[in-house]
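For the sequence shown, the UniProt record's numbering assigns the number 1 to the initial residue and increments by one for each residue that follows.
Cβ atoms here follow ideal geometry from the backbone N, Cα and C, with glycine treated the same way.
Keep in mind it's a predicted model, so treat the numbers as computed, not measured.
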Amino acid sequence: MKQILWFRRDLRITDSAILHFAKDEVLPIFIFDKNILNLLSNDDKRVTFIYKSVLKLKHELKEIGLDLAIFYSTPKEVFSKLKIEGFENILCSVDFDEYAKKRDEEISGIMPMQTFTDSFITHPNDCLKADKTPYKVFTPYYNNLEFIWNSYRLEEFKTNENLKLISFDYEFIPTLNEMGFELQKLPDFLQKSADKLLEEFGQKIDNYKIDRDFFDKNATSNLAVYLRFGLISPRQAFNKIKELKARNENKEFFIRELFWREFYNYILFHFPKSEFQNLNKIKVNWNEDESVFQKWCEGNTGVPIIDASMRYFNQTGTMHNRLRMIVSSYLTKNLLVDWKKGERYFASKLLDYEASSNVGSWQWAASTGADSVPYFRIFNPYLQSAKFDKEAIFIKSVIPELKDVPAKQIHSENGVQSNIFLDYPTQIVSIEFSRKRAIEEFKRANNEKY
Ligand SMILES: Cc1cc2nc3c(=O)[nH]c(=O)nc-3n(C[C@H](O)[C@H](O)[C@H](O)COP(=O)(O)OP(=O)(O)OC[C@H]3O[C@@H](n4cnc5c(N)ncnc54)[C@H](O)[C@@H]3O)c2cc1C
């Protein structure tokens, strides 16, 4: 039996369903997909990360007697050519976003595909309400899965050691430049392995629940990018956390976060239209003024915490979870800009960008999604920065012109603008006016819900 092992977002050799279920002769492959790459800018940091991860995967596969054939093409072209070589089927992990589903539908018309739930712990069909409909609220969904998250260990897949490598051209490795990309500098944490990050996280997990919202503390695991591209499986992350000698409440809190990732994947699977539409079907009259959105993107809103977060994001491709909550609330509520624009902007740069988590979180912030924040509970960005960046350490590190401004001034509305020696952007809207405007608009939209 000849099989193709198609690595996509599962770039690892341990706990790999496809390496476990493969039977005999195999051709492991990775495709640098032109359909995706052609839409990205040449300084996209994710391509550098994926490129390095693919080379590492090739090396690791070689160490276990296999190899990785690398293509720079479209999946359709690759499989149309491989079709004539007599392969039985393709083994790969499932992927549920719009492009992935269309791609897989097309490819399964060329060659049979066998898919596995390998990027997530659960398959969305495994957890339904008694009436067989999907949950829309996290807590009952999570409670229903207690038998999983309460278990001590999740079974990991062992690699089939009897696999034989099919002879093929394994020499071709396109360079980043040949694919139209420049090598990018990645944040320091991405120079480390997932194991190293987990080891470091083990030293600080006992403060996770308390410290995770303080963005200058580096109190979280930084694992999202690794989970996104499958350098570690969520089962492995789960098992390693359970093994730690740490307080249960912190371990449980972390596992719960992992299940938010499951939940958003679940929502996207059961409500695929939510990738592009308000899940709760309300029709909000969004602010269409493009210049307002541009100021948010550039970090020129006149609100220091928003500007620091967005400028940092533009430089690094990363943003702390609390900051994501603050900037998404500010965009969708204070500026009343459609969450889809913010979602697309994050998607264009976020290193850990994952359609399900990104869409789910944006809809959460905009009060249009599953289990969202109530529309009348709107973050005040100044109170948020005073609470979570008391000495303005993060803000000053990103906006050096504010380095001599007292933290108290930075955390008060128009405080920075009142300093005549600074040339800082003026606020787009006042916080109180825009808060009231958002509540009125969302109230109307919810009352007129169809
Ligand atoms: C507007 C917005 C957009 C977001 N977009 C993404 C995205 O595209 N990709 C992404 O992985 N996360 C996204 N998140 C969730 C969260 O911000 C990141 O998962 C987290 O910041 C990653 O850092 P960490 O790995 O150190 O997290 P930790 O606190 O260490 O959490 C561990 C893991 O749990 C998962 N997780 C944690 N919080 C959430 C959450 N709220 N929703 C879903 N999964 C979670 C992640 O896989 C994370 O790696 C978004 C949040 C917001 C508010």
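**Request:** May I ask which residues mark the beginning and end of the alpha helix (DSSP H) holding SER291?
**Result:** 290–298
**Item:** Neighbourhood of LYS164 by C-beta, 6 Å cutoff - its chain only, sequence neighbours within 5 removed
**Value:** GLU25
**Item:** THR220: CB within 6 Å of a non-hydrogen atom of ligand 1
**Value:** yes
**Prompt:** With DSSP run on the structure shown, which of helix, strand or coil describes ASN447?
**Reply:** helix
**Boundaries of the beta strand (DSSP E) in which ALA69 is found, first to last residue** = 69–73
**Request:** Could I get the ranges of all uninterrupted alpha helix (DSSP H) runs contained in the stretch 140–200, with 4 residues as the minimum, in chain order?
**Result:** 146–149
**Request:** Return the bridge partner residues of ASN89 from the DSSP annotation.
**Result:** GLN3
**Message:** For TYR135, count the other beta carbons within 10 Å of its own beta carbon; 16 or more makes it buried, fewer makes it exposed. Which is it?
**Reply:** buried
**Message:** Quick check on the DSSP output: the beta strand (DSSP E) that includes ILE29 runs from which residue to which?
**Reply:** 25–33
**With 16 other Cβ atoms within 10 Å as the buried cut-off, status of PHE376** = exposed
**Message:** Could you pull the DSSP bridge partners for GLN114 from this structure?
**Reply:** LEU91
**Prompt:** Which one of PRO381, ALA445, ASN35, GLY415 has the shortest CA to CA distance from ARG435?
**Reply:** PRO381
**Message:** So the candidates are GLN236, ARG9, GLU60; which of them puts its Cα closest to the Cα of LEU197?
**Reply:** GLN236
**Request:** Would you kindly report the start and end of the unbroken alpha helix (DSSP H) that includes TRP286?
**Result:** Run containing TRP286: none; DSSP gives neither H nor E here.
**Message:** If distances are taken between C-alpha atoms only, which option among MET111, ALA392, THR48 comes closest to PHE229?
**Reply:** THR48
**Message:** Please tell me whether GLY180 and ASN35 are closer than 7 Å, where the distance is taken between their beta carbons.
**Reply:** no
**Message:** For a test of your reading of the model: does the CB of TRP149 fall under 6 Å from any non-hydrogen atom of ligand 1? Yes or no.
**Reply:** no
**Asked** Assuming PHE388 contacts ARG322 under a Cβ cut-off of 8 Å, what Cβ separation, rounded to an integer in Å, is found between them?
**Response** 6 Å
**Inter-residue CB distance, ASN300 and PRO400 (contact presumed, cutoff 8 Å)** = Not confirmed; about 15 Å, so no contact.
**Item:** Distance, SER309 Cα to ASP188 Cα
**Value:** 18 Å
**Asked** Which whole-angstrom value is the C-beta distance of SER53 and LEU11, which I expect to be below 8 Å?
**Response** 5 Å
**Item:** Environment of GLN315 [buried if 16+ CB atoms lie within 10 Å]
**Value:** exposed
**Request:** Check whether the Cβ of ASP97 sits closer than 6 Å to any heavy atom of ligand 1, and report yes or no.
**Result:** no
**Asked** Any chance the CB of SER357 is under 6 Å from a heavy atom of ligand 1?
**Response** yes
**Prompt:** Just to confirm, does ALA224 get its C-beta within under 6 Å of one of the non-hydrogen atoms of ligand 1?
**Reply:** yes
**Request:** Could you tell me the distance, in whole angstroms, from the CA atom of LYS101 to the CA atom of PRO272?
**Result:** 10 Å
**Asked** Roughly how many angstroms lie between the CA atoms of SER151 and LYS23, to the nearest whole one?
**Response** 30 Å
**Message:** Quick check on this structure: which residue in GLN3, ASN125, GLN191, THR14 has the alpha carbon closest to the alpha carbon of ILE232?
**Reply:** THR14
**Prompt:** What are the start and end residues of the alpha helix (DSSP H) that includes TYR135?
**Reply:** First-last for TYR135: undefined, no H or E at that position.
**Request:** Excluding the 5 residues preceding and the 5 following TYR51 in the sequence, name in chain order all residues of the same chain whose CB lies nearer than 6 Å to its CB.
**Result:** LEU176
**Asked** Between THR122 and LEU145, which are expected to be in contact by the criterion C-beta below 8 Å, what is the C-beta distance as a whole number of angstroms?
**Response** 7 Å
**Prompt:** Would GLU63 be called buried (16 or more neighbouring beta carbons within 10 Å of its own) or exposed?
**Reply:** exposed
**Request:** Give every residue of the same chain whose Cβ lies closer than 8 Å to the Cβ of ARG256, excluding the five residues on either side of it in the sequence, and list them in chain order.
**Result:** TYR142, TRP149
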